[in-house]
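**Student:** Numbering (the working numbering), first residue to last: 2 to 177.
Cβ atoms here follow ideal geometry from the backbone N, Cα and C, with glycine treated the same way.
For clarity, every value in this text was computed on a predicted model and none was experimentally measured.
So that we are looking at the same thing, I have put the structure below in structure tokens.
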């Protein structure tokens, strides 16, 4: 009988161990799901995808289309590696009339010699956005169209060949 009691005791201990293991595994899986959810929530940022003249997509996280911008203007997003040359590509800010307000370069924030998307950042500083407003004391009289502009992200084209030109352009608005 002591042999039977030992077997029952061993089965009970093993059963309890299995139950504890299953419970711990479920708690661990719930924690992993919580971690994944947190990562997904952090990864969701506001962004806009723009198609270039040649069908290449660029992702811009800042500024968004029709955003009101001030100087210095920080531009962030991702572009395919082939959009860069020596880890940069040109960025131009123009006013409503196409007048260049600022020019600079977006810089890759990672390895750019790839076909994959590479994060970039650029900073443009500008001053005289509304040059035709001299003498106007009440800037509320400034025509709405004069507050409009565009940001142009150009594929770097060191060859100068027209077939390698490409660009993305989207509208922004200047603060008064």
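For the candidate residues 71, 73, 108, whose alpha-carbon lies nearest to that of residue 79?
**Tutor:** By one-based count along the chain shown, residue 79 stands at place 78. Per the Cα distances, 108.
**Student:** Do you know offhand how far residue 115's Cα is from residue 156's?
**Tutor:** On the chain shown, residue 115 is found 114 positions in, with the first residue counted as 1. On the chain shown, residue 156 is found 155 positions in, with the first residue counted as 1. About 15 Å.
**Student:** In three-state terms, what does DSSP make of residue 55?
**Tutor:** Position 54 of the chain shown, counted from the first residue, corresponds to residue 55. Residue 55 falls in the coil class under three-state DSSP.
**Student:** Report yes if the C-beta distance between residue 57 and residue 48 is below 9 Å; otherwise report no.
**Tutor:** As a position in the chain shown, residue 57 is number 56, starting the count at 1. As a position in the chain shown, residue 48 is number 47, starting the count at 1. In this structure, residue 48 does not lie closer than 9 Å to residue 57 by Cβ.
**Student:** Which same chain residues, not among the five before or five after residue 12, have their C-beta less than 8 Å away from its C-beta?
**Tutor:** Here residue 12 is taken as the residue at index 11 of the chain shown, counted from 1. Cβ within range, chain order: n/a, list empty.
**Student:** In terms of residue numbering, what span does the beta strand (DSSP E) encompassing residue 90 cover?
**Tutor:** Along the chain shown, read from residue 1 onward, the residue named residue 90 stands at position 89. Its beta strand (DSSP E) spans residues 89–96.
**Student:** Could you tell me the alpha carbon to alpha carbon distance between residue 119 and residue 50, rounded to whole angstroms?
**Tutor:** Here residue 119 refers to the residue found at position 118 of the chain shown. Here residue 50 refers to the residue found at position 49 of the chain shown. Per the coordinates, the alpha-carbon of residue 119 lies some 14 Å from the alpha-carbon of residue 50.
**Student:** How about residue 125 and residue 59: do their beta carbons lie closer than 9 Å?
**Tutor:** Against the chain shown, residue 125 aligns to sequence position 124. Against the chain shown, residue 59 aligns to sequence position 58. In this structure, residue 59 does not lie closer than 9 Å to residue 125 by Cβ.
**Student:** In or out: residue 111 buried (at least 16 other Cβ within 10 Å) or exposed?
**Tutor:** Residue numbering aside, residue 111 sits at position 110 when the chain shown is read from its first letter. That one is exposed.
**Student:** Tell me the DSSP secondary structure of residue 116 in three-state form.
**Tutor:** Residue mapping note: residue 116 aligns to position 115 of the chain shown, counting from 1. DSSP places residue 116 in coil when its eight states are reduced to three.
**Student:** Helix, strand or coil for residue 7 per DSSP?
**Tutor:** Here residue 7 refers to the residue found at position 6 of the chain shown. Note: residue 7 maps to helix in three-state DSSP.
**Student:** Where do the ends of the beta strand (DSSP E) carrying residue 169 lie?
**Tutor:** Taking the first residue of the chain shown as position 1, residue 169 is located at position 168. 168–175 is the extent of the beta strand (DSSP E) around residue 169.
**Student:** Counting along the chain, where does the beta strand (DSSP E) carrying residue 75 start and finish?
**Tutor:** Counting from one through the chain shown, the residue named residue 75 turns up at place 74. Residue 75 -> beta strand (DSSP E) spans 74–81.
**Student:** In angstroms with no decimal places, state the Cα-to-Cα distance between residue 100 and residue 113.
**Tutor:** By one-based count along the chain shown, residue 100 stands at place 99. By one-based count along the chain shown, residue 113 stands at place 112. Whole-angstrom Cα-Cα distance: 31 Å.
**Student:** Would you decide whether residue 173 is buried or exposed? Buried here means 16 or more other CB atoms lie within 10 Å of its CB.
**Tutor:** Here residue 173 corresponds to residue number 172 of the chain shown, with the count starting at 1. Buried, because 16 or more other Cβ atoms sit within 10 Å of the Cβ of residue 173.
**Student:** Taking residue 127 and residue 151 to be in contact with their CB atoms under 8 Å, please state how far apart those CB atoms are, rounded to whole angstroms.
**Tutor:** One-based indexing of the chain shown puts residue 127 at position 126. One-based indexing of the chain shown puts residue 151 at position 150. Contact between residue 127 and residue 151 does not hold, since their C-beta atoms are separated by about 13 Å, which reaches or exceeds 8 Å.
**Student:** How big is the Cα-Cα spacing for residue 90 and residue 117?
**Tutor:** For the purposes of this step, residue 90 is taken as the residue at position 89 of the chain shown. For the purposes of this step, residue 117 is taken as the residue at position 116 of the chain shown. Their backbone Cα atoms lie some 16 Å apart in a straight line.
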